[in-house]
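This report concerns only the one structure given below.
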């Protein structure tokens, strides 16, 4: 009988001994190219970026990142590896909910994120609001002739400021 390993969510922050190795792993090929093609996101040289990572069998299968920029929390660098999509429980949901509970809600800063359509409902249920500004949504492509991605900026305010 084969027993699937349960997903484990781990907070990986700067200074953590695993932070550098996680960033190196996320920047390695072919994952870096897949992440860019699917989500137009990639690891950048931002040592203050942190992640909620869902590990399955020791592999970083999904993650949701964040970084504080001034007085705003930028929630970014979200992804589920291609080979881990469609699983139960939904792995991005695990990473997102951990970030929302342990970071967004607790820091209490105004927050912003840019999302493709699929996870927007999950965010709206937690109080995120689709921005209606003139530059708050659009389309983009990861490379010339590549797939067209639709994106939307969402904002979040602490409960006491809504």
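Residue numbers (the numbering used here): 132 to 293.
All C-beta atoms, glycine included, are put in the ideal place defined by N, C-alpha and C.
Problem - Per-residue DSSP class, three states only, for residue 208 - result: As a working note, residue 208 is residue 77 in the chain shown. Correct three-state label for residue 208: strand.
Exercise for the section: Measure the CB-CB distance between residue 215 and residue 225 and report whether it falls below 8 angstroms. Expected result: Reading the chain shown from its first residue, position 84 is the one you call residue 215. Reading the chain shown from its first residue, position 94 is the one you call residue 225. For residue 215 and residue 225, no; Cβs fall outside 8 angstroms.
Exercise for the section: Go to residue 150, then tell me how far its alpha helix (DSSP H) extends in each direction, as first and last residue. Expected result: One-based indexing of the chain shown puts residue 150 at position 19. That run of the alpha helix (DSSP H) goes 150-158.
Handout entry: Rounded distance between the beta-carbons of residue 181 and residue 197, thought under 8 angstroms
Key = By 1-based counting over the chain shown, the position of residue 197 is 66. By 1-based counting over the chain shown, the position of residue 181 is 50. The pair is a contact, with the Cβ atoms about 6 angstroms apart (cut-off 8 angstroms).
Exercise for the section: Pick helix, strand or coil for residue 197, following the three-state DSSP scheme. Expected result: Against the chain shown, residue 197 aligns to sequence position 66. Here residue 197 sits in strand by DSSP.
Exercise for the section: Taking the CB atoms as reference points, tell me whether residue 270 and residue 284 lie closer together than 8 angstroms. Expected result: Here residue 270 corresponds to residue number 139 of the chain shown, with the count starting at 1. Here residue 284 corresponds to residue number 153 of the chain shown, with the count starting at 1. No, the pair does not count as a contact, with Cβ atoms beyond the cut-off.
Problem - Residue burial classification, residue 291 (beta-carbon count within 10 angstroms, cutoff 16) - result: Position 160 of the chain shown holds residue 291. Exposed, because fewer than 16 other Cβ atoms sit within 10 Å of the Cβ of residue 291.
Handout entry: Under 8 angstroms between C-beta atoms of residue 193 and residue 211
Key = Position 62 of the chain shown, counting from 1, holds the residue named residue 193. Position 80 of the chain shown, counting from 1, holds the residue named residue 211. Cβ distance < 8 angstroms, so residue 193 and residue 211 count as in contact.
Handout entry: Contacting residues, own chain, Cβ-Cβ under 8 angstroms from residue 205 (five flanking each side not counted)
Key = Taking the first residue of the chain shown as position 1, residue 205 is located at position 74. Excluding residues within five positions, the ones whose Cβ falls inside 8 angstroms are 197, 198, 199, 242, 243 and 244.
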